[in-house]
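Asks: Numbering (my numbering), first residue to last: 1 to 187. Input: one structure, supplied below.
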């Protein structure tokens, strides 16, 4: 999915737009289960009874481009410590994972500045060789100094074992297992 689009909209094929929309709708309906499956420690700290999706996409106009964040963004309160409302941002990526780390850091900053709330950033990568479930890093350096160090959760769905998730006997895990590798593909 392309969350950042320039003013001149690139003609995304209709099939890809509908594909993106299906995953976004799936995540909208099953975000708590998705987070419990792949990021259980973080999910355990969230009070999903307070979950509220941000319906409007965030558009920020810069002099030479408009940046649009249209993937899944939701507000949810935390359980532990002093209750606070945070944002959960899930970026569905099915096209260009090379630029994903930088884009995730940019979206994080834009959401953090725009809403003044902590953000839990997650990338849901539909492409192969994305490494399963992991925490990814993005850094920027200048003159040998690290100026920016950013981390985000990532689910590389095609690299996960379908058998492992089918064994969980969870309907959301079973549905997502359709995208995962089978034992035959692992050999």
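Every residue, glycine too, gets a C-beta built ideally from N, C-alpha and C. Quantities reported herein were computed from a predicted structural model and do not represent experimental measurements.
Run through DSSP, which three-state label would residue 171 get?
Replies: If you number the chain shown from 1, residue 171 lands on position 171. In the three-state reduction of the DSSP assignment, residue 171 falls in the helix class, which pools H, G and I.
Asks: From residue 109 to residue 178, what does the alpha carbon distance come to, in whole angstroms?
Replies: Stepping through the chain shown from its first residue, residue 109 is reached at position 109. Stepping through the chain shown from its first residue, residue 178 is reached at position 178. C-alpha separation (whole angstroms): 33 Å.
Asks: Of all the options 104, 137, 106 and 43, which has the alpha carbon lying nearest to the alpha carbon of residue 78?
Replies: Counting from 1 along the chain shown, the entry for residue 78 is found at position 78. Per the Cα distances, 43.
Asks: What number of angstroms, rounded off, separates the C-alpha of residue 41 from the C-alpha of residue 135?
Replies: For the purposes of this step, residue 41 is taken as the residue at position 41 of the chain shown. For the purposes of this step, residue 135 is taken as the residue at position 135 of the chain shown. Their backbone Cα atoms lie some 13 Å apart in a straight line.
Asks: Taking only runs that begin and end inside the region 71-150, name each unbroken alpha helix (DSSP H) of 4 or more residues, in chain order.
Replies: 100-115
Asks: Taking C-beta to C-beta, are residue 123 and residue 91 nearer than 8 Å?
Replies: Walking along the chain shown from the start, residue 123 turns up at place 123. Walking along the chain shown from the start, residue 91 turns up at place 91. Yes, the pair counts as a contact, with Cβ atoms nearer than the cut-off.
Asks: Taking the C-alpha atoms as reference points, what is the distance between residue 157 and residue 164?
Replies: Start at 1 with the first residue of the chain shown, and residue 157 comes out as number 157. Start at 1 with the first residue of the chain shown, and residue 164 comes out as number 164. Each residue's Cα considered, the two are about 12 Å apart.
Asks: Rounded to the nearest angstrom, what separates residue 83 and residue 117 at their Cα positions?
Replies: The residue labelled residue 83 in the question sits at position 83 within the chain shown. The residue labelled residue 117 in the question sits at position 117 within the chain shown. Their Cα atoms are separated by approximately 12 Å.
Asks: For residue 127 and residue 94, which I take to be in contact (beta-carbon distance under 8 Å), what is that distance rounded to the nearest angstrom?
Replies: As a working note, residue 127 is residue 127 in the chain shown. As a working note, residue 94 is residue 94 in the chain shown. That pair is a contact at about 6 Å.
Asks: Rounding to the nearest angstrom, what Cα-Cα distance links residue 98 and residue 28 in this structure?
Replies: Indexing the chain shown from 1 puts residue 98 at position 98. Indexing the chain shown from 1 puts residue 28 at position 28. Cα to Cα, residue 98 sits roughly 25 Å from residue 28.
Asks: Nearest to residue 130 by alpha carbon, out of 149, 115, 153 and 120?
Replies: As a position in the chain shown, residue 130 is number 130, starting the count at 1. Closest by alpha carbon: 153.
Asks: Name, in chain order, the residues that DSSP records as bridge partners for residue 154.
Replies: The residue given as residue 154 occupies position 154 in the chain shown. Bridge partners of residue 154: 123 and 134.
Asks: Closest to residue 105 by CA distance: which of 151, 64 and 181 is it?
Replies: In the chain shown, counting from the first residue as 1, residue 105 sits at position 105. Closest option to residue 105, Cα to Cα, is 151.
Asks: Given a cut-off of 8 Å on the beta-carbon distance, is the pair residue 34 and residue 172 in contact?
Replies: On the chain shown, position 34 is the one that residue 34 refers to. On the chain shown, position 172 is the one that residue 172 refers to. Yes. Within cutoff.
Asks: From residue 38 to residue 145, what does the alpha carbon distance come to, in whole angstroms?
Replies: Looking up residue 38 in the chain shown gives position 38. Looking up residue 145 in the chain shown gives position 145. Taking the straight line joining both Cα atoms gives about 33 Å.
Asks: Please report the residue range of the beta strand (DSSP E) in which residue 46 lies.
Replies: Counting from 1 along the chain shown, the entry for residue 46 is found at position 46. It spans 46-53 - the beta strand (DSSP E) in which residue 46 sits, taken as one unbroken run.
Asks: Am I right that residue 125 and residue 89 are in contact with their C-beta atoms under 8 Å? What's the rounded C-beta distance?
Replies: Here residue 125 refers to the residue found at position 125 when the chain shown is read from its first residue. Here residue 89 refers to the residue found at position 89 when the chain shown is read from its first residue. Rounded, the Cβ-Cβ distance is 14 Å, inconsistent with contact.
Asks: At what residues does the alpha helix (DSSP H) containing residue 63 begin and finish?
Replies: Within the chain shown, numbered from 1, the residue matching residue 63 stands at position 63. Run containing residue 63: none; DSSP gives neither H nor E here.
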